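Novice: Yeah, the first sequence ends on 480 if you go by the numbering used here, and it's all consecutive.
Glycine residues also receive a C-beta, built at the ideal position from the N, C-alpha and C atoms.
None of these values were measured; they are calculated from a predicted model.
My questions all concern the structure below.
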Amino acid sequence: MKTAITPTRSENFSEWYQNLITAADLAENAPVRGCMTVKPYGWAIWELMRDALDKRIKACGAQNAQFPLLIPLNFFNREAEHVAGFAKEAAVVTHYRLKMIDGTLQPDPDSKLTEPYVIRPTSETIIGDAMSRWVQSYRDLPMKLNQWVNVMRWEMRPRLFLRTSEFYWQEGHNAFATHDAANADARKMHKVYGDYMREILAIPSIMGEKTPEERFAGADHTYTLEHIMQDGRALQAGTSHDLGQHFSKSFGIQFLDTDGVLKHAWTTSWGVSTRMMGSLFMTHSDDDGLVLPPAVAPYQVVIIPITREDTADALNAYAEKLGARLRDAGVRVLVDTSDMRSADKMWKWIKRGVPLRAEIGAREMDENNITVTRRDLGKSSKQTMATDAFVADVNNMLTQIQHDMYDAVVARNKTMIHDVADLGALESALDGGKIGFFRIKYDLTQNEQFESLMEKYKISRRCLDDADPTYVYVAKSY
RNA sequence: CGGGGUGUAGCUCAGUCUGGUAGAGUGCUUGCUUUGGGAGCAAGAUGUCGAAGGUUCGAAUCCUUUCGCCCCGACCA
3 MKTAITPTRS ENFSEWYQNL ITAADLAENA PVRGCMTVKP YGWAIWELMR DALDKRIKAC
63 GAQNAQFPLL IPLNFFNREA EHVAGFAKEA AVVTHYRLKM IDGTLQPDPD SKLTEPYVIR
123 PTSETIIGDA MSRWVQSYRD LPMKLNQWVN VMRWEMRPRL FLRTSEFYWQ EGHNAFATHD
183 AANADARKMH KVYGDYMREI LAIPSIMGEK TPEERFAGAD HTYTLEHIMQ DGRALQAGTS
243 HDLGQHFSKS FGIQFLDTDG VLKHAWTTSW GVSTRMMGSL FMTHSDDDGL VLPPAVAPYQ
303 VVIIPITRED TADALNAYAE KLGARLRDAG VRVLVDTSDM RSADKMWKWI KRGVPLRAEI
363 GAREMDENNI TVTRRDLGKS SKQTMATDAF VADVNNMLTQ IQHDMYDAVV ARNKTMIHDV
423 ADLGALESAL DGGKIGFFRI KYDLTQNEQF ESLMEKYKIS RRCLDDADPT YVYVAKSY
C-alpha cells in the first residue's frame, strides 16, 4: 500500500517525523541555527492549543502580563543552582550597535555593554525581581502571573518542535504566603496540564514527581507530564515547579504577614511549550501524515467537491453553501474549491490531518448525499450519508473522533508500560529490544549498576509513579 | 564540544577519483485527454555547482582556508 510519508514509522521513525513536518506544512528550519519558522498551518494549531490553555490558566486566577526578552546578566548569578542549570545554553547580548569595519558589518567595539544581557531562557529571575516590588503585604498574596512568550536556550541538538533553540511557551509564576499553598499550587497546575492534554490534545500523560536527580534548576519539587511516543521514547511535555523560597530569597520577595513579621514568599513556576506540538504530532500521526484531534484542528471538516469541467461551478457553489451550514453549526470548515485535481486535494488534507473529509460529486449533489471519511480511521470509515444527517451529526462525529483518538493512545500506551522486578529484569528487557516505559522500585535505581544501565541503554528516570512514589518510571527520552 | 556524513535546479540526487564550460528524476508553467485513494502525452522555464583564495589556456572537479546543514552522544519545555 502506498503511504503519503516515506519512510514509514517502522522503517525510520525520526526521518518519518521530519518528513511529516514538511508534508503537513507545519514548520521549517530557519536560517538561524536551531530555530524554526512555524508556518501558518502549524501556527494555527498552536493558536488553538494556546487559547484553550489560556482559558484554563485564567480560570485558576492567573493574569497575563509581559516581561522583557532581555535579562540583566547579574540576575542569573543570584540563584546558584539556577545559573548552573542555564549558563551552558545562554545567548548573550553584548553590543547595541553595528559598524562597517573594513567592509564587514560587525558589532561596534565602542558600543559594548558594560553589563551584558541574557536572552531569557526562562523568566524566574526577572519576574522574581518584579515581584520583590509588587509584593509588600500578605494582602498581595497569592500573586499569580503568566506570560506567553518566546525563550531561547542554545541547544546542542535541535529537532523541530521537540527541541529548538528558540521556542514559544507560557510560563506561569505564582507567589504564596506558605509552603503548603505553593506546593498545592504546583500540584494543581500539574493537574490542569494533565486534564488539558487529555481533553484537548487527546494525549494521556504519565504524571508524577521528578526524582531529585532530574529536578529543575532551583526547585524543591518538580512535577512532570511524560508522554509516550509511538517509538516508545519519552517526551517531557510540561513541568510545574515548587520553588520553595529559593527565588524569593535571591530576589527579596518579602511580605509583612498578619502577625506583623516580615517573611519570604513561596513561589512556583509552571510551563508548557511548542514541544507539546511535537508530542501531538508524534503521538497521533500515521504513515499518511498528520492526524489532528478536532479540538485543535484548524479545519475540522474539509469539503472536497469532486468536479468535472461541466459540473465544477455548480458543485463548488453547492459545497460553499454546505460549508456555510456547517459553520453555523460551529464547525471550522474549509471548502477546497482550489484549482487542483481531486485526488491531490484529498492527499493534501490527509497529510494535514483534517479530522473529517467530506466529498461531494455531481450525483451526490442531486441526491443530497455526501461521502464522509474519518482521518483517524482512514479509508475503511468511508460512508455515504444524507447531507442533512451529516450537518445534524457533525459535532457528535467530531466529539467521537476526539474520544476515540484518546482511547487509541491509551490502548497503545498499555503495551508500552512494563513492570520490572529488579535491575536484571530491566536489563534483559532492554537487551531484548523492548521499548517503552519501565516501572521499577525507585530505591533499586540508587546504585552504580543502574548508572551503568542508564549509560548503556541511554535511559533515564522520567518520574516517580504518582500512585505509589516508591516506584519510578524509566525510559529513553527525546 | 567529540565522532561520522554532506553542500550542484523549488525538492531528491548524479557528475568530482581521471579538469574541457551543467545533468536526471520529481516539482513548476502551458495545452489536450483524464478525474470518487497520488493520471497520461506534448511543449516550456529554472543554476554566480556553500563561500573565499590558489594552480591552470581552461575548475563543480585539483590545492588551501572557511561557513552551513544532517546523523550519533552530553541537555531539556
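Could you give the residue range of the beta strand (DSSP E) that holds Trp-150?
Specialist: Annotation: the continuous beta strand (DSSP E) that includes Trp-150 extends over 145–154.
Novice: Can you give me the start and stop residues for the beta strand (DSSP E) that Arg-359 sits inside?
Specialist: 358–362
Novice: Using DSSP with H/G/I as helix, E/B as strand and the rest coil, what is Tyr-475?
Specialist: Strand.
Novice: Counting beta carbon pairs with one atom in the segment 205–217 and one in the segment 94–103, are three or more of them shorter than 8 Å?
Specialist: Flag = no, the segment 94–103 and the segment 205–217 do not touch.
Novice: Taking the alpha carbon of Tyr-140 as the reference point, which residue from Gln-256, Ala-321, Gln-238, Met-342 has its own alpha carbon closest?
Specialist: Gln-256
Novice: Could you pull the DSSP bridge partners for Gln-504 from this structure?
Specialist: Any question about residue 504 goes unanswered here, given that the chain covers just 3 to 480.
Novice: Could you tell me which residues DSSP puts in a beta bridge with Val-263?
Specialist: Here Val-263 is not bridged, per DSSP, to any residue.
Novice: From Gly-196 to Asn-449, what does the alpha carbon distance come to, in whole angstroms?
Specialist: Rounded to the nearest angstrom, the two C-alpha atoms are 32 Å apart.
Novice: What would DSSP say about Leu-203, mapped onto helix, strand or coil?
Specialist: The answer is coil: DSSP assigns Leu-203 none of H, G, I, E or B.
Novice: Since Ile-202 and Val-263 should fall inside the 8 Å C-beta cutoff, what is the C-beta to C-beta distance between them, to a whole number of angstroms?
Specialist: Not quite, the Cβ-Cβ distance comes to about 43 Å (not below 8 Å), so this is no contact.
Novice: Are there 16 or more other CB atoms within 10 angstroms of the CB of Met-94, so buried, or fewer, so exposed?
Specialist: It is Val, not Met, that sits at residue 94 in the sequence shown. Label assigned to Val-94: exposed.
Novice: Throw me the rounded Cβ distance for the Thr-269 and Asn-185 pair, which I believe falls under 8 Å.
Specialist: At roughly 11 Å, the Cβ-Cβ gap does not stay under 8 Å, so Thr-269 and Asn-185 are not in contact.
Novice: Applying the criterion that 16 or more other CB atoms from any shown protein chain within 10 Å of the CB defines a buried residue, is Thr-401 buried or exposed?
Specialist: exposed
Novice: Measure from the alpha carbon of Ala-267 to the alpha carbon of each residue in Asp-433, Ser-250, Trp-150, then state which is nearest.
Specialist: Of the candidates Asp-433, Ser-250, Trp-150, the one whose C-alpha sits nearest the C-alpha of Ala-267 is Ser-250.
Novice: Once you ignore the five residues that flank Ala-219 on each side, which residues in its own chain have a CB closer than 7 Å to its CB?
Specialist: Glu-83, His-84, Ala-86, Gly-87, Phe-88
Novice: If we require 3 or more residues per run, which beta strand (DSSP E) segments fall completely within the segment 343–389?
Specialist: 358–362, 371–376, 385–388
Novice: Cβ atoms of Ile-128 and Pro-33: under 8 Å apart, would you say?
Specialist: no
Novice: Under 8 Å, do Ile-437 and Met-418 count as touching if we go by C-beta distance?
Specialist: yes
Novice: Taking just the CA atoms, how far does Glu-457 sit from Val-476?
Specialist: 13 Å
Novice: For Arg-376, which option in Ala-204, Glu-126, Leu-324, Gly-355 has the closest C-alpha, if you only look at C-alpha atoms?
Specialist: Gly-355
Novice: Across the segment 48–63 and the segment 303–310, are there enough close Cβ pairs to call them in contact, namely three or more that are closer than 8 Å?
Specialist: No contact exists between the segment 48–63 and the segment 303–310.
Novice: Excluding five sequence neighbours on each side, which residues of the same chain lie with their C-beta closer than 8 Å to the C-beta of Arg-159?
Specialist: Arg-165
Novice: Are there 16 or more other CB atoms within 10 angstroms of the CB of Val-337, so buried, or fewer, so exposed?
Specialist: Buried.
Novice: Please report the Cβ distance between Leu-227 and Gln-138, rounded to the nearest whole angstrom; I am assuming they are in contact, meaning their Cβ atoms lie under 8 Å.
Specialist: Leu-227 to Gln-138, Cβ: 35 Å. No contact.
Novice: Would the beta-carbon of Ala-431 fall within 8 Å of that of Val-422?
Specialist: Val-422 sits close to Ala-431, with the two beta carbons spaced by under 8 Å.
Novice: With a 10 Å radius around its C-beta and 16 neighbouring C-beta atoms as the bar for buried, classify Lys-350 as buried or exposed.
Specialist: buried
Novice: Pairs of beta-carbons, one from the segment 4–13 and one from the segment 286–294, closer than 8 Å: are there three or more?
Specialist: Taking 8 Å as the limit for Cβ pairs, the verdict is that the segment 286–294 does touch the segment 4–13.
Novice: Going by DSSP in three states, Gln-404 sits in which element: helix, strand or coil?
Specialist: In this structure, Gln-404 counts as helix in the three-state DSSP scheme.
Novice: Out of Ile-73, Asp-56, Ala-321, Pro-74, point me to the one whose CA is closest to Asn-66's CA.
Specialist: Considering only Ile-73, Asp-56, Ala-321, Pro-74, the residue with the shortest C-alpha distance to Asn-66 is Asp-56.
Novice: Helix, strand or coil: which one does DSSP assign to Gly-280?
Specialist: helix
Novice: Straight-line CA distance for Ala-183 to Arg-217?
Specialist: 20 Å
Novice: Would you say the beta carbon of Asp-142 is closer than 7 Å to some non-hydrogen atom of the ligand COA?
Specialist: Ligands are entirely absent from the displayed structure, and the ligand COA is therefore not among its contents.
Novice: Just mark Arg-463 as buried or exposed, buried being the case when its beta carbon has 16 or more other beta carbons within 10 Å.
Specialist: buried
Novice: If you draw a straight line from the C-alpha of Arg-155 to the C-alpha of Glu-91, how long is it?
Specialist: 5 Å
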